[in-house]
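Chemist:
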Amino acid sequence: FDGYFARKLNQVSAFGAWLDVVIDNLGRTMLWCFLQPKIGFLFISTEWLAFVCLHTSGPHWKTSFTNAPFWVSAVMAKGFKTLPGIITIAGLNVLPLWLYKFQYNVQLPFNDILDTIVYPCLIFGRLLCLAVEATLTEFFIVMHIAYERDFVSCIN
């Protein structure tokens with residue numbers, strides 16, 4: 002919600018946008034390490050690698066992947082404000098909290114129904130997020146290698 006309020010109050014900066022993602026990643030990293038260190042490592046590593054790759058692309062990284070596969074474009078369309086984007090972001094941010102709920106047997110109203118419907122959606126969303134992160138990281142690395150190759154060939 003911090004990003005929403007920053008935009009609403011016109012208190013947006015490049016550093017603030019970057020710091021927001023860093024703080025979110027740190028929070029998820031601590032939660033994954035606490036709850037599921039074995040599988041969490043995969044998610045954490047991919048998330049941080051994607052963060053480094055995407056944020057070195059500049060402030061318009063969300064719109065710079067015009068040649069991405071259709072499913073990546075569907076997730077990222079309209080600033081993640083599509084059904085695939087919402088499911089992906091929910092999987093990214095809510096799945097660790099849901100795992101906390103399971104590990105500590107936190108009961109919610111309509112607990113069984115929520116576990117039957119929400120939990121599979123969160124798992125699917127996090128796996129979709131992992132696929133998007135891996136695809137965009139691969140795109141960035143390939144683009145960077147091509148740039149370096151072109152740069153070296155210009156020098157020689």
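Using my numbering, the letters of the sequence shown map in sequence onto residues 2 to 157.
Ideal Cβ placement from N, Cα and C applies to all residues, glycine included.
Every value quoted in this text rests on a predicted model; they were computed, and no experiment measured them.
#1: Along the chain, where does the alpha helix (DSSP H) containing Y105 start, and where does it finish?
#2: Since T138 and C54 should fall inside the 8 Å C-beta cutoff, what is the C-beta to C-beta distance between them, to a whole number of angstroms?
#3: If you follow the alpha helix (DSSP H) that H145 is in, where does it begin and where does it stop?
#4: Are there three or more Cβ pairs, one per stretch, closer than 8 Å when the segment 102 to 115 is compared with the segment 42 to 58?
#5: For H56, which residues from the same chain have a beta carbon less than 8 Å from its beta carbon, with the 5 sequence-adjacent residues on both sides left out?
#6: In terms of residues, what are the limits of the alpha helix (DSSP H) holding K79?
#7: With the cut-off set at 8 Å, would you say W33 and P97 are in Cβ contact?
#8: Expressed to the nearest angstrom, what Euclidean distance is found between the alpha-carbon atoms of G92 and I156?
Modeler: Looking at the coordinates:
#1: Counted from its first residue, the sequence shown places residue 105 at position 104. No alpha helix (DSSP H) holds Y105; DSSP gives it neither H nor E.
#2: As a working note, residue 138 is residue 137 in the sequence shown. As a working note, residue 54 is residue 53 in the sequence shown. Right, the Cβ-Cβ distance comes to about 5 Å (below 8 Å), so this counts as a contact.
#3: Within the sequence shown, numbered from 1, the residue matching residue 145 stands at position 144. Looking at the DSSP string, the run of the alpha helix (DSSP H) that includes H145 is 112 to 156.
#4: no
#5: Walking along the sequence shown from the start, residue 56 turns up at place 55. Excluding sequence neighbours, H56 sits near W19, V22, W62.
#6: For the purposes of this step, residue 79 is taken as residue 78 along the sequence shown, with counting starting at 1. Its alpha helix (DSSP H) spans residues 71 to 81.
#7: On the sequence shown, position 32 is the one that residue 33 refers to. On the sequence shown, position 96 is the one that residue 97 refers to. Yes.
#8: The residue you call residue 92 lines up with position 91 of the sequence shown. The residue you call residue 156 lines up with position 155 of the sequence shown. Rounded to the nearest angstrom, the two C-alpha atoms are 45 Å apart.
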